[in-house]
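If you're matching them up, the sequences are chains A and B in order.
Under this note's numbering, the first sequence has 178 at position 49, and the numbering climbs by one with no breaks.
Under this note's numbering, the second sequence has 490 at position 230, and the numbering climbs by one with no breaks.
The beta carbon of each residue, even a glycine, is placed where N, CA and C say it ideally should be.
Computed from a predicted structure; not experimentally measured.
Remarks on the structure that follows.
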Amino acid sequence: MRKPHIRRLGEGITLTVLAGVILFLVPSQIDRIPGMETEVSPFFLPTVLAVAIMAVGIALLAQAFRKNIGEGEKEFPMSGGLRVLVSVLLLIAYTLLFPRLGFLVTSGIFMGIFTYYFGARSILKIGLSMLLVPVCVWLFFEKLFRIPLPHGLIF
Amino acid sequence: MFSHFIPAVHLFFTIQNLLVVAIGLFVGVTIGAIPGLNVPMTVALLLPITFYMSPVAGISLLIGVYKGGTYGGSISAILINTPGAPAAAATCMDGYPMAKQGKAGKALRASIYGSVIGEFIADLVLITIASQIAMVALKFGPTEKLSLVIFALVTIGVVSSEHKLKGIAAGLLGIFFRTVGSDPISGSSRFTLGVFSLIGGIPFLPHLIGLFAVSEFFVQIESKVVDAQRDVVAPVSKNREDNYVSWKEFKQNIVTIIRSTLIGIGIGALPGSGSAISAFVSYGAAKNASKHPEKFGKGSLEGVFAAETGNNAVCGGALIPLLTLGIPGDAITAIMLGVFLVHGLIPGPDLFVKSGDIIYAVFIGLIVANILHFFIASLGLRLFIKLLSISRAILFPIVIIICVAGAFTANSSIFDVYVMIFFGVLGYVMKKFNFPVAPLMMGYILGSLLETSLVQTLVLSNGSVLPIFTRPISLLFVVLTVFFVVWSLIIQKRGRARKAKL
């Protein structure tokens with residue numbers, strides 16, 4: 130038996146499972162409307178979509194066993210995945226602190242962290258970006274366009 | 261048309277609107293010139309601000325960014341052999357060799373002239389035919405709308421990615437995300453998972469900021485950025501002739517410019533194709549038609565004209581389906597749809613009847629943007645070249661700060677910021693596995709229209725889908741859908757066969 134293309138196999142399985150999850154959620158996550166005909170019920174489109182996603186997933190699964198599939202593609206293209214994971218966590222922390230400390234303070238702190246994380250090492254560069262960027266964005270939204278941003282405990 | 265013209269002139273010609281177009285162009289060219297930053301990302305970031313402007317000012321700002329950004333990519337393509345935007349990838353092929361020969365100034369000017377002329381003709385075509393298409397579209401019933409949406413979604417799915425199945429999967433996922441929240445027919449809630457904030461559906465703005473801007477931030481943060489000393493070719497030569505395009509050279513390239521413009525308009529009007537495809541098709545067509553095809557890839561002025569005219573003509577072309585049918589031509593016009601919707605305007609044929617003055621003010625804005633584009637690009641060239649050296653270690657953190665502020669301000673909701681992060685991660689994973697994000701966006705935007713017209717069609721025909729094939733306009737869209745699927749498969753097969761031969 131031909132060795133399957135792992136990446137394509139993973140993509141096919143993911144889509145098929147996702148479609149299965151949607152089909153599983155359909156009865157519990159959609160309010161039933163008594164007396165509504167099948168094709169106009171709120172169940173109709175999500176069910177059709179789930180079946181279509183599953184069909185695409187199965188087609189990808191079938192492709193995984195074909196010859197010359199994914200030539201030149203990396204098997205697991207997640208290099209730098211840890212850096213991305215850390216930045217997602219930092220972004221969540223930023224969002225958690227955002228309403229508590231206020232836009233200016235939180236953005237100043239995270240501007241510094243992200244600038245350092247991106248590779249900047251000049252203290253002057255990092256310091257200036259921490260100070261200037263949040264103030265400019267804040268002035269732009271709050272003063273120029275009068276769009277309110279959260280004010281926290283400090284400012 | 262003329263009854264709307266005078267009110268449209270009054271509506272557009274304000275200091276604010278002129279300033280906004282100029283700012284949009286300036287920001288667009290800057291973003292376009294810096295590799296890594298892209299136009300959809302910028303349009304998504306600026307979208308929240310447009311909610312606080314008049315509809316004409318908001319749309320004009322984004323049009324400025326769109327035109328400026330599509331052109332701006334050519335600056336870095338010519339000077340550092342790195343396209344600032346995907347649309348400028350074809351420009352590298354002849355722009356950079358020209359720069360190496362000391363003709364960077366000539367290539368940069370050819371890029372300005374080609375872009376502005378391509379945009380100008382495309383906008384004139386848009387203005388001329390838009391109202392006619394809209395009048396035809398006014399007669400569309402639910403069946404025609406359904407087949408049109410299917411045509412748009414299938415086309416964007418198969419055209420926007422080399423892997424057709426992945427494009428279709430992305431479009432289906434986009435429609436699925438649209439089903440979250442209240443059902444448009446019965447009002448019953450779907451897939452809210454008990455989260456109150458999802459009853460109104462997945463918020464539009466955080467969704468698109470996440471998909472286009474945050475996902476790009478994650479892609480960029482994968483590797484620690486150490487800004488390499490870029491080898492910027494000197495943009496000015498001592499030989500004056502190498503810094504300008506002579507009238508003779510311009511005349512020699514007029515046919516190429518017109519051909520590339522027509523290609524750009526056609527491809528722009530086709531959902532999902534975009535300016536990168538147009539640039540390459542225009543470049544290929546110019547090479548095939550050229551008397552000196554051997555010069556292509558070695559610094560041909562014709563090549564630069566073809567690529568740059570082709571990619572910028574898409575801007576006008578992509579607005580044709582958006583304004584006349586309510587179907588965006590590409591990811592950027594899909595985002596621009598948000599400006600219309602937030603101001604209670606629904607793009608499509610009705611807009612020409614109900615808000616003709618706004619439409620014609622936008623048309624005036626397009627023409628004014630072309631004139632300003634020429635002056636801003638020509639006079640600001642040295643400044644844009646300097647911007648190439650801005651540190652990405654500073655740029656991308658700025659992007660993420662604006663993303664968070666932008667996602668929050670739409671509804672003053674922290675929940676929206678989490679939605680943005682979710683779609684940022686999803687967009688990143690999709691990009692890593694070569695799933696295109698544009699079909700997901702289009703599926704999300706067109707999902708509601710798809711469901712409404714599907715249900716209406718089924719109710720009107722007692723549950724039968726036959727009217728899709730029996731009504732003439734609907735059948736036309738079905739035939740077009742099949743044609744584009746088959747055509748793209750043939751093109752892909754030929755491309756693979758060519759690669760295999762090499």
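So who's on the other strand from residue i, going by DSSP bridges?
i, result
"B/R450", "A/I159 and B/G441"
"A/G231", "A/H280"
Along chain B, in chain order, which residues have C-beta atoms closer than 7 Å to that of residue i?
i, result
"A/F194", "In chain order: nothing, as chain B lies at least about 15 Å away."
"A/R212", "I481 and E482"
"A/T145", "Per Cβ cutoff of 7 Å: no residues; A/T145 is ~11 Å from chain B at best."
"A/V266", "I661, I662 and A665"
Going along chain A in order, which residues have a C-beta closer than 9 Å to the C-beta of residue i?
i, result
"B/R754", "Under the 9 Å cutoff, chain A gives no residues; its nearest Cβ is about 16 Å from B/R754."
"B/T669", "F270, F274, I276, P277 and L278"
"B/F451", "I151, L154, V155, Q158, I159 and P175"
"B/T330", "Result: empty, since nearest Cβ-Cβ is about 25 Å, beyond 9 Å."
"B/Y678", "I221 and T224"
Is it buried or exposed, residue i, if we count other Cβ atoms within 10 angstroms and call 16 or more buried?
i, result
"B/Q276", "exposed"
"B/V455", "exposed"
"B/N630", "buried"
"B/W507", "exposed"
"B/K424", "buried"
"B/V396", "exposed"
"B/H552", "exposed"
"B/K547", "buried"
"B/Y504", "exposed"
"B/N298", "buried"
"A/L211", "exposed"
"A/R161", "exposed"
"B/S320", "buried"
"B/S649", "exposed"
"A/S258", "buried"
"B/C352", "buried"
"B/T388", "exposed"
"B/V613", "exposed"
"B/L717", "Checking the displayed sequence, the identity of residue 717 of chain B turns out to be Thr instead of Leu. Its Cβ being crowded by 16 or more others within 10 Å, B/T717 is buried."
"B/E422", "exposed"
"A/S170", "buried"
"B/G328", "buried"
"B/N499", "exposed"
"B/G557", "exposed"
"B/T584", "buried"
"B/S672", "exposed"
"A/G256", "exposed"
Does the beta carbon of residue i fall short of 7 Å from some heavy atom of the ligand ATP?
i, result
"B/T439", "Among the components of this structure there are no ligands whatsoever, and the ligand ATP is therefore not found."
Would you mind telling me which residues of chain A sit closer than 8 Å to residue i, beta carbon to beta carbon, in chain order?
i, result
"B/L432", "L178, A181, I182 and V185"
"B/T415", "Residues of chain A passing the Cβ test: none, with the nearest at roughly 17 Å."
"B/Y312", "F274, R275 and I276"
"B/S448", "I159, D160, R161, I162 and P171"
"B/L425", "V185, A188, L189 and Q192"
Taking residue i as the query, report the chain B residues whose CB atoms sit under 8 Å from its CB, ordered along the chain.
i, result
"A/T244", "A653, I654 and P657"
"A/G209", "I481, E482 and S483"
Along chain A, which residues have their Cβ under 7 Å away from the Cβ of residue i?
i, result
"B/F478", "V213 and S216"
"B/S672", "P277"
So residue i contacts chain B; which residues on that side make the cut at Cβ distance below 9 Å?
i, result
"A/L138", "What A/L138 touches in chain B: nothing, since even the nearest Cβ is about 12 Å away."
"A/A222", "The premise fails here: A/A222 is roughly 11 Å from chain B at the closest Cβ pair, so nothing lies under 9 Å."
"A/K132", "Correct list: empty, because the minimum Cβ distance to chain B is about 20 Å."
"A/V234", "Going along chain B, no residue has its Cβ under 9 Å from A/V234, so there is no contact; the nearest lies around 12 Å."
Assess contact between the stretch 357 to 371 of chain B and the stretch 664 to 674 of chain B, defined as three or more Cβ pairs (one per stretch) separated by less than 8 Å. Is contact present? no
### Task
Tell me, please, whether the stretch 146 to 164 of chain A touches the stretch 408 to 421 of chain B by the rule of three or more beta-carbon pairs shorter than 8 Å.
As far as the Cβ criterion goes, the stretch 146 to 164 of chain A does not touch the stretch 408 to 421 of chain B, which means the pair count is below three.
Should the stretch 181 to 197 of chain A be called in touch with the stretch 133 to 149 of chain A, which here means at least 3 C-beta pairs below 8 Å? yes
message = Please give the ranges of any beta strand (DSSP E) in the stretch 591 to 632 of chain B, keeping only runs that are unbroken, at least 3 residues long and fully inside the region.
response = none
- Query: Quick one: any contact between the stretch 687 to 699 of chain B and the stretch 443 to 451 of chain B, if contact means 3 or more CB pairs under 8 Å?
  - Reply: no
Can you list, in chain order, the stretches of the beta strand (DSSP E) that have 3 or more residues and sit fully within the stretch 321 to 345 of chain B?
none
Item checked: Meets three-Cβ-pair contact criterion under 8 Å: the stretch 219 to 226 of chain A and the stretch 632 to 639 of chain B -> no
>> When you compare the stretch 585 to 595 of chain B with the stretch 301 to 308 of chain B, are there three or more beta-carbon pairs, one atom per stretch, that lie closer than 8 Å?
In response: yes
- Message: I'd like to know if the stretch 569 to 584 of chain B and the stretch 367 to 380 of chain B are in contact, where contact means that at least 3 CB-CB pairs between them fall below 8 Å.
- Response: yes
Could you check whether the stretch 474 to 484 of chain B touches the stretch 530 to 542 of chain B, counting it as contact only if at least three pairs of C-beta atoms, one from each stretch, sit closer than 8 Å?
no
The stretch 654 to 663 of chain B contacting the stretch 462 to 482 of chain B, beta-carbon criterion three pairs below 8 Å
yes
- Item | Cβ contact check for the stretch 412 to 432 of chain B and the stretch 744 to 755 of chain B: 3 or more pairs under 8 Å | yes
| message | My parser needs the alpha helix (DSSP H) runs of 4 or more residues fully inside the stretch 717 to 755 of chain B; what are they? | response | 727 to 730
Handout entry: alpha helix (DSSP H) runs wholly inside the stretch 653 to 711 of chain B, at least 4 long, in chain order
Key = 674 to 692
Item to check | Stretch pair the stretch 430 to 449 of chain B + the stretch 726 to 742 of chain B: three plus CB contacts closer than 8 Å | outcome: no
Note to self: Tell me whether the stretch 674 to 685 of chain B and the stretch 459 to 475 of chain B touch, counting them as touching only if at least three CB pairs, one residue from each stretch, are closer than 8 Å.
What the structure shows: yes
Closer than 8 Å is the cut-off here; do at least three beta carbon pairs connect the stretch 287 to 295 of chain B with the stretch 336 to 347 of chain B? yes
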